[in-house]
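**Student:** Sharing a structure below in structure tokens format, with a few things to ask.
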Amino acid sequence: MIDIGGLLSNVANKFLLDGFFSVERTWRNICAVRNVSDFKTVTSYRLIGKDQYEQVQPGGEIKQGSLGQEVYTNKADTYGLVLSIDRRDIINDDLNAITTVPRKLGRGSGLKINDVFWTTFLNNAAFFAAGNKNFMAGVDTVLTIDGLTKADVMFNDQVDGDGKPIGIMPAIILVPTALNAIGIQLYKSLELRDTTANSKIPVGNPHVGRFRVEVSRYLANAQYTGNSSKAWYLLAEAVDLPVIEVAFLNGQESPTIETAEADFNQLGIKMRGYHDFGCALQDPRGGLRSKGEA
């Protein structure tokens, strides 16, 4: 006789996490993570204003600074799914049915985070925009040494409210799958080849080792508004200045699985998985989007 309770307690959570971690997790490498305690809208404030030290003159008076604030919001929601296991499947299949379902529930949660995250990230026409000085377009914005140099200069030339440099350094190149190879070359190769029609000569790579490459298959997927196989992003580390934030209820970054007997008129069990999280764009100065074409 199968000990259902023992099987579930031993394997359900393990296979839930196996499924959850089996899908792309690029989002986790470029976002800030926030802990929230409920489902209300939460607000973050970035203090702005005159905050640079002034020289203290004779007499010892320290000048009064001024502060304003920029506001960013986020909100967690609940996402979930219920799957059933028929009693005959449990008896006939012994262990496999009870491992497959929690894995599917874990994978479903991982896919949903990606879906919500990249829907939010790619719906960015007003976020990455000329008015924010974090968007560039044109034939010279293709991901090459020159294109990356242009983006690097634009990022580093950003200024704070007082017109002085923000002092945050770019650290990540985020690319679609079509640009992954050139991204890796720019990160690892000491020199690249000029492949124009008239010459093929080595060109020194000034960006070697500077920008970590992150790749996502969601960036060019046709199901998402704002997708492109040519556009790429230059981002700061999220701990320095995040462009996007993921909020988790009570800091729970992985989904929860629960098991119960099926309805009285059904034989078997049901498993439900759910996850509480939310995604929101944050500070536009933390990144730059290059269209990669005219």
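Just so you know, the sequence shown maps onto residues 29 to 322 in the working numbering. For glycine and all other residues, C-beta sits at the position ideal for the given N, C-alpha and C.
Mark F149 as exposed unless 16 or more other C-beta atoms lie within 10 angstroms of its C-beta, in which case mark it buried.
**Tutor:** Within the sequence shown, the letter at position 121 stands for residue 149. F149 is buried by the Cβ-count criterion.
**Student:** In the DSSP assignment, find the unbroken beta strand (DSSP E) run with T287 in it and report its ends.
**Tutor:** Counting from one through the sequence shown, the residue named residue 287 turns up at place 259. Where T287 is concerned, the enclosing beta strand (DSSP E) stretches over 284-289.
**Student:** Using C-beta distances below 6 Å, list every residue in its chain close to K298, excluding the 5 sequence neighbours before and after it, in chain order.
**Tutor:** The count along the sequence shown starts at 1 and reaches residue 298 at position 270. Excluding sequence neighbours, K298 sits near V110, S112, A288, A290.
**Student:** State the start and end residues of the unbroken alpha helix (DSSP H) segment that holds P130.
**Tutor:** Position 102 of the sequence shown, counted from the first residue, corresponds to residue 130. Unbroken alpha helix (DSSP H) run through P130: 124-150.
**Student:** With DSSP as the reference, label I196 as helix, strand or coil.
**Tutor:** Taking the sequence shown and counting its residues from 1, one reaches residue 196 at position 168. It is coil, neither helix nor strand.
**Student:** Curious, which full-length beta strand (DSSP E) runs of at least 3 residues does the segment 223-264 contain?
**Tutor:** For the segment 223-264, whole beta strand (DSSP E) runs of length 3 or above, ordered along the chain, are 230-232, 240-243, 260-264.
**Student:** Just to confirm, are T172 and K319 a CB contact at a threshold of 8 Å?
**Tutor:** Residue mapping note: residue 172 aligns to position 144 of the sequence shown, counting from 1. Residue mapping note: residue 319 aligns to position 291 of the sequence shown, counting from 1. Result no, Cβ atoms of T172 and K319 do not sit closer than 8 Å.
**Student:** Of all the options F48, G211, D105, which has the alpha carbon lying nearest to the alpha carbon of K68?
**Tutor:** Locating residue 68 in the sequence shown gives position 40, where the first residue counts as 1. That would be D105, whose Cα lies nearest to the Cα of K68.
**Student:** Are L214 and H235 touching if we call contact CB-CB under 8 Å?
**Tutor:** Walking along the sequence shown from the start, residue 214 turns up at place 186. Walking along the sequence shown from the start, residue 235 turns up at place 207. Yes. Within cutoff.
**Student:** On the criterion of 16 or more Cβ atoms from any shown chain inside 10 Å, does F49 qualify as buried, or is it exposed?
**Tutor:** Stepping through the sequence shown from its first residue, residue 49 is reached at position 21. Label assigned to F49: exposed.
**Student:** Please list, in chain order, all residues of the same chain as L247 whose beta carbon is under 6 Å from its beta carbon, the five residues on each side excluded.
**Tutor:** Translated into positions along the sequence shown, residue 247 becomes position 219. Answer for L247: P204, listed in chain order.
**Student:** F49 lies in the alpha helix (DSSP H); which residues open and close that run?
**Tutor:** By 1-based counting over the sequence shown, the position of residue 49 is 21. No alpha helix (DSSP H) contains F49, which DSSP labels as neither H nor E.
**Student:** Which residues mark the beginning and the end of the alpha helix (DSSP H) in which A179 is found?
**Tutor:** As a working mapping, residue 179 is identified with position 151 in the sequence shown. Run containing A179: 173-184, per the alpha helix (DSSP H) assignment.
**Student:** So which of G88, S137, D117 has the shortest CA-CA distance to Y107?
**Tutor:** The sequence position of residue 107 within the sequence shown is 79, counting from 1. Residue S137 is the option with its Cα nearest to Y107.
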